[in-house]
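Following: one structure in structure tokens, then a few remarks.
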Amino acid sequence: MTDASKIASARENDTASDRLTLTLRTRDPRLVALVRLLARQAADDYVNATRNRRKTGPTK
């Protein structure tokens, strides 16, 4: 089902962990929609955590 996954930087100065590219070998639209939904939720969670960290300061 999964062909390959790799870390791909969006820009030259981005770190490797900023972006994840996952290639699926499936034509099932339900699975594609599920993967997109999960990716959006994960991205939203990451952004929210980053914003909260900025408001409260670094953790020790």
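Per the working numbering, residue 10 is the first one in the sequence shown, and the count goes up by one each step.
Cβ atoms here follow ideal geometry from the backbone N, Cα and C, with glycine treated the same way.
Since the structure is predicted, the reported quantities are computational estimates derived from the model, not experimental observations.
- Residue 32 carries a strand assignment under DSSP once its states are collapsed to helix, strand and coil.
- For residue 39, same chain residues with a beta-carbon under 8 Å away, outside a window of 5 residues either side, do not exist.
- For the 9 Å CB-CB criterion, residue 41 and residue 33 form a contact.
- Here DSSP, grouped into helix, strand and coil, assigns residue 37 to coil.
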